[in-house]
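A.B. asks: Below: one structure in structure tokens.
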Amino acid sequence: MEPILGILLGGFLAFNAFVTPGRAEKEAESALRKKFPGATVNVDIEGKRGRNVLKGRFKKVRVELSNLRIDDFPIQAGAEVSTTTGAAPAPKFSTIGHLELSLHDLSFGGLPVKSVELSFDDVHYDFEALKKRSEIRLISFTNGKIALAIEANSLLPLVAKRAPEIKDAHVELRGGEIVVTGRREILGAGANVLVRGPIVPHGNDLDLDNAHVEVAGLNIAPILAAPIIKGINPLYSFEEKWPFNVQTGHIGADNDMLQIEGTLTAK
């Protein structure tokens, strides 16, 4: 998949010296609608006309997309590494003063996501990668931020993958905790189980912490609960598909919605 911002910016480069950010917006929206049929698209660009557009220099770029599926993260970070020599030529930089990507009602790597808001300041990106491969690769940025919202039902596949021994699982998010209920075989017999606790960050992972476990309505000691919760963690990892380190600053779990806010740095 061509990264979203590569599609957004790559078509600008053939414009003449009189191209305006407004015209660039329309071309970008048209390209995105072709790439993601059925998606709702809106692009806002601020900056000087002409040469700055041709050079990929913008004051502000905001992309809003909803109702789409993506399997790979649409932005890469860091300098590119060649598979033959071990190091790629020094990239030619261009700049975006402030970059925002707003995605709603999407599926990312099989995980349904209600919304994700990303923003970056003082962006330097690889202009050659943009021109040659329609890729956006952030070489450096400041003030990277993320705000992510995931509904409780969307976490069911994660729980089922991590803890397949819990049958007929149900997930709620309330009171600052995740609550997982279902049935599990205990000592050769099926029993109702309940696992609940706060979601906390551990590096790039999100874990269920200090879990409270009930079996057949009875609280059980941590040493007996350990095998039940062992497979659940991490609930989610930003490591695999995300090109950024995510330092979580706030996690909210209420009204069946998981809300995560944090900062982004390049790996």
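Numbered per this note's numbering, the sequence shown spans residues 47 to 313. No residue lacks a Cβ here, since even glycine has one placed at the ideal position from N, Cα and C. The structure presented is a predicted model; accordingly, all values stated were derived computationally and were not measured.
(1) For R97, count neighbouring C-beta atoms within 10 Å of its own C-beta (all shown protein chains included) and say buried if the count is 16 or more, exposed if not.
(2) By how many angstroms is the C-alpha of V107 removed from the C-alpha of E223?
(3) So for L59, helix, strand or coil by DSSP?
(4) Between E250 and N291, how many whole angstroms is the CB-CB distance? I'm expecting something under 8 Å.
(5) Fully enclosed by the segment 61-111, which beta strand (DSSP E) runs are 3 residues long or longer?
(6) Using the C-alpha atoms, what's the distance from I245 back to H296?
(7) In the segment 159-216, which residue ranges form an unbroken alpha helix (DSSP H) of at least 4 residues, counting only runs that do not cross its ends?
(8) Using DSSP's beta-bridge definition, name the partner residues of D253.
(9) Could you tell me the distance, in whole angstroms, from the CA atom of K101 to the CA atom of T227?
(10) Can you grab the Cα-Cα spacing for the pair L264 / D214, in whole Å?
(11) Once the 5 residues before and after L147 are set aside, which same chain residues still bring their CB inside 6 Å of it?
(12) Cutting at 8 Å between CB atoms, please list the residues of its own chain near S283, excluding the five before and the five after it.
(13) Whose C-beta lies closer than 7 Å to the C-beta of K313 among residues of the same chain, with five residues either side of it excluded?
(14) Do G308 and T294 count as a contact pair if the criterion is CB distance below 9 Å?
(15) Let me check understanding here. Comparing Cα to Cα, which of R103, K80, L240, F82 lies closest to P67?
(16) Determine whether the beta carbon atoms of F166 and K191 lie at a separation below 9 Å.
(17) Which residues does DSSP list as the beta-bridge partners of I116?
(18) Which residues does DSSP pair with A235 in a beta bridge?
(19) Three-state secondary structure (DSSP) at L281?
(20) Which two residues bound the contiguous alpha helix (DSSP H) that contains I266?
(21) Which one or two residues does DSSP pair with N291 in a beta bridge?
(22) Quick one: what's got a C-beta closer than 8 Å to N256's C-beta in the same chain, skipping five residues either side?
(23) Measure the CB-CB distance between H168 and R183 and report whether it falls below 9 Å.
(24) Select from D300, A193, V261 the residue whose C-alpha is nearest the C-alpha of L310.
(25) What residues are listed by DSSP as bridge partners for I297?
(26) Indicate the three-state DSSP secondary structure (helix, strand or coil) for I275 in the structure shown.
(27) DSSP state of G319, grouped into three classes?
(28) To the nearest angstrom, report how far apart E211 and L281 are at their CA atoms.
C.D. replies: A quick look at the data gives this:
(1) Looking at its Cβ environment, which holds fewer than 16 other Cβ atoms inside 10 Å, R97 is exposed.
(2) Whole-angstrom Cα-Cα distance: 36 Å.
(3) Any reading at L59 must be qualified, since the residue scores a pLDDT of 46, below 50, and its modelled position is unreliable; the value itself is stated next. L59 sits in a helix when the DSSP states are folded into three classes.
(4) In the sequence as displayed, the identity of residue 250 is Asn instead of Glu. Correct: roughly 6 Å between the Cβ atoms.
(5) 86-92, all fully within the segment 61-111.
(6) Between H296 and I245, the alpha-carbon positions lie close to 10 Å from each other.
(7) Runs of the alpha helix (DSSP H) inside the segment 159-216: 173-179, 202-208.
(8) Answer by DSSP bridge pairing, in chain order: V246.
(9) Per the coordinates, the alpha-carbon of K101 lies some 55 Å from the alpha-carbon of T227.
(10) The alpha-carbon atoms of L264 and D214 are separated by roughly 19 Å.
(11) Close CB contacts of L147 within its chain, under the 6 Å cut and outside five residues either way in sequence, are with V109, L164 (chain order).
(12) Contacts found: N250, D251, L252.
(13) The answer, listed in chain order, is A123, G124, P289, F290, N291.
(14) Yes, Cβ-Cβ distance for T294 and G308 is below 9 Å.
(15) Closest by alpha carbon: R103.
(16) At the C-beta level, F166 and K191 come within 9 Å of one another.
(17) The partner list for I116 (beta bridge, DSSP) reads F154.
(18) Paired residue(s): I232.
(19) Coil at L281, not helix or strand.
(20) Looking at the DSSP string, I266 is not in any alpha helix (DSSP H), and its letter there is neither H nor E.
(21) Answer is T311.
(22) Result list for N256: G243, P244, in chain order.
(23) Note that residue 168 is Asp in the sequence shown here, rather than His. D168 places its beta carbon 9 Å or farther from that of R183.
(24) Comparing Cα positions, the closest option is A193.
(25) In DSSP, I297 forms a bridge with I306.
(26) Here I275 sits in helix by DSSP.
(27) No answer is possible for residue 319: it lies beyond the span of the chain, which begins at 47 and ends at 313.
(28) As the crow flies, the alpha-carbon of E211 is around 15 Å from that of L281.
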